[in-house]
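Take a look at the structure set out below.
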Amino acid sequence: MTPGIHPESKARSDRAFVTLATNPDYATGAEALFRSLRRTGTTADLVLLYTDLPAETVYRLCTLGVRAVHVDLLPTSHDFNELHGRARLHGAAPFTKGEKPPFHTPLDNFAKLRLWQLDYDRVVFIDADAIVLQNIDRLFEYPEFSAAPNVYESLGDFHRLNSGVFTARPSQATFDRMLARLDQPGTFWRRTDQTFLETYFPNWHGLPVFDNMLQYVWLNLPELWRWQDIRVLHYQYEKPWENHAKADSLRVLIDLWKAHAADGPVPDPRDLPAPEPA
Ligand code: UDP
Ligand code: MN
Numbered sequence: 011m012t013p014g015i016h017p018e019s020k021a022r023s024d025r026a027f028v029t030l031a032t033n034p035d036y037a038t039g040a041e042a043l044f045r046s047l048r049r050t051g052t053t054a055d056l057v058l059l060y061t062d063l064p065a066e067t068v069y070r071l072c073t074l075g076v077r078a079v080h081v082d083l084l085p086t087s088h089d090f091n092e093l094h095g096r097a098r099l100h101g102a103a104p105f106t107k108g109e110k111p112p113f114h115t116p117l118d119n120f121a122k123l124r125l126w127q128l129d130y131d132r133v134v135f136i137d138a139d140a141i142v143l144q145n146i147d148r149l150f151e152y153p154e155f156s157a158a159p160n161v162y163e164s165l166g167d168f169h170r171l172n173s174g175v176f177t178a179r180p181s182q183a184t185f186d187r188m189l190a191r192l193d194q195p196g197t198f199w200r201r202t203d204q205t206f207l208e209t210y211f212p213n214w215h216g217l218p219v220f221d222n223m224l225q226y227v228w229l230n231l232p233e234l235w236r237w238q239d240i241r242v243l244h245y246q247y248e249k250p251w252e253n254h255a256k257a258d259s260l261r262v263l264i265d266l267w268k269a270h271a272a273d274g275p276v277p278d279p280r281d282l283p284a285p286e287p288a
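Counting the sequence shown from 1 gives a position; our numbering is that position plus 10.
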């Protein structure tokens, strides 16, 4: 029995797409993500890491064939938890580019690292606020650690990775080393797991931006947008299931998310309109 993780069923494959939901809002996102992944025809396991969810929510996801794995938040120190609390983090490192929803708890992000404790050879992690538009099983062939750049505004964005999609090789030894590195006196990870992973894997391998296309590209870099190229669409900042200030300008993307979240047919992205030129 691995401490901190509590699988309720067995693995069916040696590969898995994994997401995290620590509250019902992100479970709403996870359901749309899993439905979209199913539509790609993948045979890899679909795994939900969760902390606090109503039993009926977990049950509904299981009926979609998802493997639910209850996890504990990381056993980080009191000081670490204080420093990475929502109000404290937003004060020390304000978000100036977009709005974080009220249900976003920065400390919960670190629970992603639990995937290194899973019983799979290869894992692709995807944020719960993303949908997959084309088969991405090839990502399992990429080495640890591969991620796409955090591109949504300008060329400078290529310096940083976005931790919404990444490849990993689970290993308890790696997990233990990460935990030791994560929580040292006074350490502050301003963009939580993203800053940590970038530091832990300084030689991270790059994935094409199309494997983690950020919704703000639609607004800020429309020349990069080609529907036929986009494999993962990631709704960073404002979420497609909330009412928010940018909803009108992101309407095409939000409607696509809603189609994926439901049971019925989904549009072919190639039939969708292009973004307005900048
Ligand atoms: N997450 C979660 N609960 C939280 C915050 C984050 O479950 O309170 C998970 C969820 O999978 C989410 C991911 O961590 O997609 C990262 O957060 P988010 O996607 O909101 O960050 P962004 O992509 O906007 O930077
Ligand atoms: Mn995200």
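Where a beta carbon is used, it is the ideal one built from N, C-alpha and C, also for glycine.
Since this is a predicted model, take the numbers as computed values, not measurements.
Run of the alpha helix (DSSP H) containing residue i, from where it starts to where it stops
i	result
R181	According to the sequence shown, residue 181 is Ser rather than Arg. Run containing S181: none; DSSP gives neither H nor E here.
R70	A65 to T73
V227	Y226 to N230
F44	P34 to R49
V262	R261 to A271
E92	H88 to L93
CA-to-CA distance, residue j to residue i, given in whole angstroms
i	j	result
I264	I240	15 Å
V142	A103	30 Å
S181	D221	24 Å
N33	T197	26 Å
Y69	T205	33 Å
H292	N160	Here the chain covers residues 11 to 288 and nothing more, so residue 292 does not appear.
A78	L217	27 Å
T86	D193	6 Å
G166	A65	44 Å
Q29	E286	Per the sequence shown, the amino acid found at residue 29 is Thr instead of Gln. Approximately 32 Å between the Cα atoms of the pair.
T209	L47	29 Å
H94	G39	23 Å
L43	H16	22 Å
V131	A288	The sequence shown places Asp at residue 131, not Val. If I take the Cα positions, the gap works out to 43 Å.
F176	A121	15 Å
D24	R261	38 Å
L231	R200	25 Å
Y60	R45	17 Å
Residue i beta carbon near the ligand MN (any heavy atom closer than 8 Å)
i	result
Y226	no
D139	yes
G174	yes
Q246	yes
Helix, strand or coil at residue i [DSSP, three-state]
i	result
N119	helix
M188	helix
F206	helix
G297	Outside the shown range of the chain (11 to 288) lies residue 297, about which nothing can therefore be said.
T29	strand
R77	strand
F220	helix
A157	strand
G101	helix
Y60	strand
F150	helix
F113	coil
I15	strand
F135	strand
H215	strand
P129	For clarity, residue 129 is Asp in the given sequence; the question names Pro instead. In this structure, D129 counts as coil in the three-state DSSP scheme.
L171	strand
D193	coil
D82	coil
D281	helix
Check: residue i C-beta below 8 Å from any heavy atom of the ligand UDP
i	result
F113	yes
G39	yes
Y162	no
A190	no
A42	no
L217	no
T197	no
N91	no
P104	no
K122	yes
D273	no
T50	no
D118	yes
Host beta strand (DSSP E) of residue i (start-end)
i	result
A290	Missing from the structure shown is residue 290; the chain here goes from 11 to 288 and no further.
H244	V242 to H244
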